[in-house]
Structure formats: structure tokens, C-alpha cells
């Protein structure tokens, strides 16, 4: 860091933010119960943002250009990179904004076995947790990848910020397969900030159960409009529409017209959305202290969020970029009650998509359950294509909860009258 | 380009020699990248040289008694060799020792290390850095200003980015060295229909440099016209229809619906239905599919990230599935020749079988003939995303625009957004007309599942097929 600061000074850069990150990983790749590849990683990078100010027609302007530098670069290479970035910044002027307020603090260290023990050991323990669920012969783990990451971050700015923290994360993905009566598979991913072996075993057991059902799922879905239940990560993606639309990145350019105090769901709506953004790290990459933030309360927007520049433009307190949110409504219907009506529970998709600009969501169904008279019939194929702007009018949240690294909220949502393209045309 | 790699190369050879005393096979991939992006929109002007997490670093691959193992680093010098060797021995053994009971190593033969040497320089007409930041920002600023004059525009967003890379692959017997440059650009427009924001865009790509910019300036009117069409679009009535795909939609079908299904690491995992269809008709005889470096696009490299020389892989030949594409490790396990498709997101990531430039050969029909042949159907334009399903050959592709065709003519009605679904061989066997002019688009990145983003291109010609739309 001191070398970078010295070279920035030599390059004539007086305003900057340096984000340094050291990452150490252990990675395991499995094909069935065999180890395909193992990997380790040690990298250190510095993302340096250089700022430049100017004035035009009496108005102050500000530009920022970022460049990544490595410890192995020579002083000449690094100096060239900083000079080049500073020179380029003169052509990228935007309205002026202040850099993040200075903050200094001692190192904040993550604790727990995931943060403290060797990542290779944690990778082995998570592998054991995953394969603990793999006890059947009709449904089994096809393949898996596990990544254990220990990270140390450090932010320094020309305004005096000097903060550092450590984090640990284990994440990965796996595919479960069932061969009879149809040979099918399903994909799941996971991510935890603790060595949460029990959660991974439970998730894998559920995935194995779903893939058994997918193997006997039929292509009997008829085209039409259905009440649709979405669950777990598809709920997370759907409800993040509200988080996206309330972000400073969407508000500043006018892509979102929401304002603090607006009822963003409209007068006619189903269950009300209450979203809280959750801080997973103590600081953002710009060195902004991160705290939990009440974003939307009973459908009313209470705050905005985002990086320094866009928050400054909106006159809001910069919050940094969040990686987790919670939807705090307790829900109004149990998951069992949702299933008492004729509906389609779309469990997994080839790739569920939620477009924060258009409000459209959809995807091709890999496993669904057609629910009629309380009976669940596994179905596969077909697609849903809906709009949250319409569906929010009578959206229902389940009382059951679901949590993962980026989300804590209702396990299920019920969306009424959603267009479904069935498999009847095949 | 990237002289630092020349300076470090002798020390990398020493590292390989040192590790060879301990491991049956050793290779090193060294990468260096120069990246820049320029963007304008209502969010302001942005200029970044930080790259896409590709960047400069090294991946050391060894084969020991447990199989394939790798170490990724981004600092290296001759003095560090003892520490690197020690770190690999200690941590890779710790990783093996921590494996749960019941897990065994997957047999892996030692990779082919027959001698190969290559040095290839990047081809480009104009280095983007010679054009300069000021001129590039001025160009996209002009395009934006022009587009903003159209009625009802919420925003015009334009961007240009380029990457210059150099990769060196070294093993005991191989010394491969290539530099490469691509440039991408896009122009897009947004309008609001109440709370709903509609977008339209056009992308550009070239294996080369700033010569691409000549193409970019004149299309903003076409983009804003298409956006206006979207503002009066209707929801699709689900069903199976006769469709004409524009070359970009054809490209998405090639890539998402079929390409991922013939990535042969999926064969090793028993995750691809295609393995059972080798030598069989999986498509109409009008369909011939290629992947590889026979064309000049963003994913054209002379060797892959495992040191395998690339070429032209004919995957479907007149409707018959001939072979898949394969990385080196999977090829050893399957007993086939690798095709030069072992690619990494960066030196920090594992290599998988990945597509490069993937496309259908052209035919002899015209777009007009295709439209004229359809009693009722749609012209599909502007793909937005897709997801693979190699196991079940299910299709999920999203497109932005479906133009209604009635009695052989476009009616002017537009439907949006559209989800394409169905069974891949059904769709490909239904191809009844193929256009003459093949166009490739290399503006995007391809993920393996939900990660591992690599630069690819895909394409084809206008294509007529029966497709289920929702």
C-alpha cells in the first residue's frame, strides 16, 4: 500500500481510493464419488481508483478511472498505469461529488472455523457434509464443486480512510441425478459464511428428493393462465426487483421513478413488501461502513442504496453495495394452504430470470407440481412468463421462511393468473 | 505486447524443471491482459481499465498420484520457486488428506506432451489506445446525442470495450505463445411504458482493434425504431409456430440449445444426452455446425488454456451428430482427441470444455423467401439470454422481439418478451430453410451453468424452424 501511495504521488494523483484484496482458496471438483481435480489459489490485487476534478461553465466536475495493479509490477509499470488512468480521467468528467467520508478503524477479523482453520480442511469437511446425503441408489450426486475462500481486504483513501477486515466463505454447486423412469438431473448451488455442514446436508437431501420426482415428471402441462407458486431462490430473485428499483443506480438516471415515501406496490396489492438490506462485510470496497438498512417498509420506500457517487448525487447517505437482503413480512398463508388451490408450483427452472427494468420474470420449467384437489403431479417442460408489476396486485407470501447467504425471507410466494406456455403443443 | 512475460519465461521453465522432479507432468499457463471500457448513459461517463477479473497471473498444473491438481498465483519470480514448490506439496497433500472416506481419485492418464512450438501475434488494424480515450468517448457521446432526439426516449446507452491478451503455455515439451485482441461495442435505447422499461440494443464485435468503430455510428436510428415497436408490443400467445430466426437468434440456438450439450466434459459426467446420439440424425440435413478457430472472431485462439492446438471441429454434418468438443482432461478419460476447447475464465479458475466460435453453416434461402413461406408465424429478433440443459436437451432462450407474420407478410404487430422452449432435436429437425449469409456475434460471454464466464462468439444465417413460444 505504501508503495502504491508513493507512486500515486509521483504520478500527480492527489485523490484516490485503493482497494487491496488477498485471497486464499481451496477448491475440490468431484465426478460422482471420485475426485476429478483439486486446486489451491493465492492472489493479491489492488484496484486503484484515481479521481480528477475540473471546472466547466462555473460548475465543478469530477472523474474517476480505475486500474488494477499487482505487487509483481515494476515501479515503472505501476507509474505508467497511474499516469495513464489520471490522463484518461480528464475525458470522463461527470457532475462533482465528494469522495466517501474518511473512516479509520483497526482490523476487523472474522471468527469461526471457516475463517480460522486451513481452507483445505474446511473443503474436506464440506465435501463430507455433501456426500453424507448421497446414500441412495435411485437418486445420487452426479458431480460437485466446492470453493473455500479466505479473504483479507484493505481500503485506503486520499481522504484518510484506512480500514481492513477479513472474511471467509464456502460456496459451490452440485448436480443430482435420477435414472429411472427418466434419466434426469437438477442443479443446486450453496454459499455460507460459516462451516454450515448441516445446512448443506439438508439441502442436498431435498435436492435428491426433488430429482426423484423430476424423473417421473410428465410433460402434461397445458398452455393457459395459472396461479403459480415460486419457492426458495426463485422468490429471492423475484423480490429483489424491489431492491433493484430502489437502488441509487436506477433512481439517479430515472430508470426507476420511485421516491422515498412512495408506495411502490400501489394501492391495490397483495401482501406488502418489507425489505431490509443486510451487511455481510463491515465496509464496502470504497471504504463505506456498511450497516443493515431498512429499504422498504410495508410497500413504502424508506431509503435508497448504492455506491458513493450515485448516493451523493441523490443527496443520500452512501451505503455501499449489499449482497444480502431480508424480506421481513411474516407471510399470510402457510405453504400447505397455498397448495389447497389448483395451481402450478414451479420448483426449478433451466434459468429463472427477473428483469428489473421491465418487471418481467420467467423461465423454462425443469420440475413443477401441478396441484389439483390437493394432489401433486410432477410435471416438466413448458415455461412461465409473468410481470411482477401485474402479479404484485395479489401476491401472497408464505409464513414459512427460507435463508441462504444472500436472502432471508418467505420460502414461497403465490402469484395469480400467470401465463404458462405448456407442453401441449409438442 | 506484455514484455514482462518474456522476462519471466526462463524462470517459469526452471519452475517446470523443478516440479518435474516431483510430478509426472507439469505445465504453466501465464496470462497478461490490457483492458479498457468506455461507457456513456444517463449514469454519466465511465472509463475503466480494471478488466473483467481475467488479468495477469499463472496457473501451474501438475499430475500426482491423486490426479490433476493446480495452483493459481499472480506473483512469480525465480526466487519464489522453492516457496511455490513447498506450498504445492503441503497444501495439495492437505487437501487430499481431508477428503471424506469413500472418495477415490478419478483415474487420469498423463496428458499428451508431444513437442509443439508456436508464436503468434495479435492481428488488428488500429490499436484502440492509438485512437485514444478522448476520441472514443466523443464518438459514443455523438451516438448518444443523436439517439436522444428520437421521441419518447428515456436513455441511450453506448459502450466500447477491448481486451488485448497474451498467453504463454509451457510444459517440458511445449512452448506456445500467442497475443490476441478483440473489441466490442453496443448501442442501446430505453423507453418507459408506465412502470415497465423497454430496451433495445445492437452489438458489434471484431477480432481486432478500433477498426470496429467505423461500423458503430450509423445504427442508432434502427435501434430507436425497434424500441418504438417494443413500446406497442403485446404478450405472446403460447403455442408452437413457424418462425424465422435472425442470425443472432440462430446463434443463440446454436450456442445455448445445442453447443453446451456437446461439451464433452458433460459426457464424462453422464450429463449430456448427445453422447447417445453420435452418428445419428439430430437435425435437419440443412444443419452443419462448427466450433473452433476457422473463423476470425473474439474467441479465435491458436491454442487453448491446456496447451492443445485448436482447429475447426465439425459437430453436426448435414444433420448428423459427428463429434463433440473436448478439453484435454476429459479427452483422456473418454479416450478421444482433445479439440482445443479447454478454456478458463482466467488463470484463477479451472479449465472446462468450453465453446469458442460456434455457428451453423449457411444455406441458399433468403429471409424474404422464408417470410413468404409462412401462413402464420413470427420473425424472431434480438436474443437476450439463454440457459443450457445438456442432460435433457431442453431449450430455454429469451428473445426481445417477435414480429407477426400472416399470409407470408409481416403484419406490423410485435410481441415481447418471448421464451423459446422445447426439445432441441425437435427444433433442429424442423429447420426447413437456411439463409445464405452467416454472421457471427462476439459481444457476449458464456457461462458454464451460472459462472465461469469466457468470451465466445456464435452465429449463423436466417433460419426457418418450428419453435414453441411462450
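Protein chains in written order, with the working numbering: chain U, 1 to 426; chain P, 427 to 896.
Ideal Cβ positions, reconstructed from N, Cα and C, are used throughout, including at glycine.
- prompt: In chain order, what residues of the same chain lie with their CB nearer than 6 Å to the CB of residue 807 of chain P, ignoring the 5 residues before and after it?
  reply: 672 and 827
message: In the DSSP output, which residue or residues are listed as bridge partners for residue 483 of chain P?
response: P:457
query: For the stretch 819-839 of chain P, which residues have a beta carbon sitting closer than 8 Å to at least one beta carbon of chain U?
result: 820, 821, 822 and 824
message: Here's the rule I'm using: 16 or more other beta-carbon atoms within 10 Å means buried, otherwise exposed. How should residue 474 of chain P be labelled?
response: buried
message: If the cut-off is 8 Å on Cβ atoms, which residues from the stretch 487-520 of chain P count as contacting chain U, listed in chain order?
response: 492, 493, 494, 495, 496, 497, 498, 499, 500, 501, 502, 503, 513, 514, 517, 518 and 520
- prompt: Where are the beta strand (DSSP E) runs, 3 residues long or more, that stay fully inside the stretch 41-118 of chain U, in chain order?
  reply: 59-69
field: Proximal residues to residue 444 of chain P (C-beta, below 7 Å), its chain only, five neighbours per side dropped
entry: 507 and 511
- prompt: Can you give the beta carbon distance from residue 520 of chain P to residue 118 of chain U, rounded, assuming they're within the 8 Å contact cut?
  reply: 6 Å
- request: Look at the alpha carbon of residue 89 of chain U and the alpha carbon of residue 32 of chain U, and state the distance between them as a whole number of angstroms.
  value: 51 Å
- prompt: What are the uninterrupted segments assigned as alpha helix (DSSP H) that are 4 or more residues long and contained completely in the stretch 471-551 of chain P, given in chain order?
  reply: 507-523
query: Quick one: complete beta strand (DSSP E) runs, 3+ long, within the stretch 754-785 of chain P?
result: none
- request: With DSSP as the reference, label residue 122 of chain U as helix, strand or coil.
  value: helix
query: For residue 883 of chain P, does the three-state DSSP call read helix, strand or coil?
result: strand
- prompt: Closest Cβ-Cβ distance between residue 431 of chain U and chain P: below 9 Å?
  reply: This structure gives no information on residue 431 of chain U, because the portion of chain U shown stretches from 1 to 426.
task: Examine chain P for any beta-carbon lying closer than 9 Å to the beta-carbon of residue 384 of chain U, and answer yes or no.
output: yes
message: Tell me which residue opens and which closes the beta strand (DSSP E) that residue 585 of chain P is part of.
response: 581-597
message: Within 9 Å of any Cβ in chain P, is that where the Cβ of residue 293 of chain U sits?
response: no
message: Against chain P, does residue 260 of chain U count as a neighbour if the rule is that its beta carbon must be under 9 Å from one of theirs?
response: no
field: Boundaries of the alpha helix (DSSP H) in which residue 567 of chain P is found, first to last residue
entry: 559-574
task: For residue 581 of chain P, return the contacting residues in chain U, with the cut-off set at a CB-CB distance below 8 Å.
output: 253, 254 and 255
message: Rounded to whole angstroms, what is the Cα-Cα separation between residue 426 of chain U and residue 354 of chain U?
response: Bear in mind that a pLDDT of 46 at residue 426 of chain U, under 50, signals an unreliable position, so the model cannot answer this.
- request: Please decide whether residue 378 of chain U counts as near chain P, where near means a Cβ-Cβ distance under 9 Å.
  value: no
task: Tell me whether residue 625 of chain P sits in a helix, a strand or coil according to DSSP, three-state version.
output: strand
- request: Check whether the stretch 260-267 of chain U touches the stretch 583-590 of chain P, counting contact only when three or more Cβ pairs, one atom from each stretch, lie closer than 8 Å.
  value: no
message: I need the DSSP call for residue 358 of chain U, collapsed to helix, strand or coil.
response: coil
Local conformation of residue 129 of chain U per DSSP, three classes: helix
message: Please identify the residue among U:372, U:324, U:41 and U:10 whose C-alpha is closest to the C-alpha of residue 120 of chain U.
response: U:41
- request: Determine the closest residue to residue 125 of chain U out of U:146, U:278, U:321 and U:252, with distance taken between C-alpha atoms.
  value: U:146
query: What are the start and end residues of the alpha helix (DSSP H) that includes residue 13 of chain U?
result: Neither: residue 13 of chain U is in no alpha helix (DSSP H) and is coded neither H nor E.
query: Considering residue 308 of chain U, what are the terminal residues of the alpha helix (DSSP H) in which it resides?
result: 308-313
The stretch 811-831 of chain P in contact with the stretch 844-864 of chain P per 3-pair CB rule at 8 Å: yes
message: In the DSSP output, what is residue 218 of chain U paired with across the bridge?
response: U:379
task: Go to residue 192 of chain U, then tell me how far its beta strand (DSSP E) extends in each direction, as first and last residue.
output: 184-192
- request: Determine which residues share a DSSP beta bridge with residue 152 of chain U and list them.
  value: U:22 and U:166
Closest Cα partner of residue 836 of chain P within the set P:847, P:843, P:846 and P:799: P:799
Residues near residue 308 of chain U in its chain [Cβ-Cβ closer than 6 Å; skip 5 each side]: 100, 286 and 318
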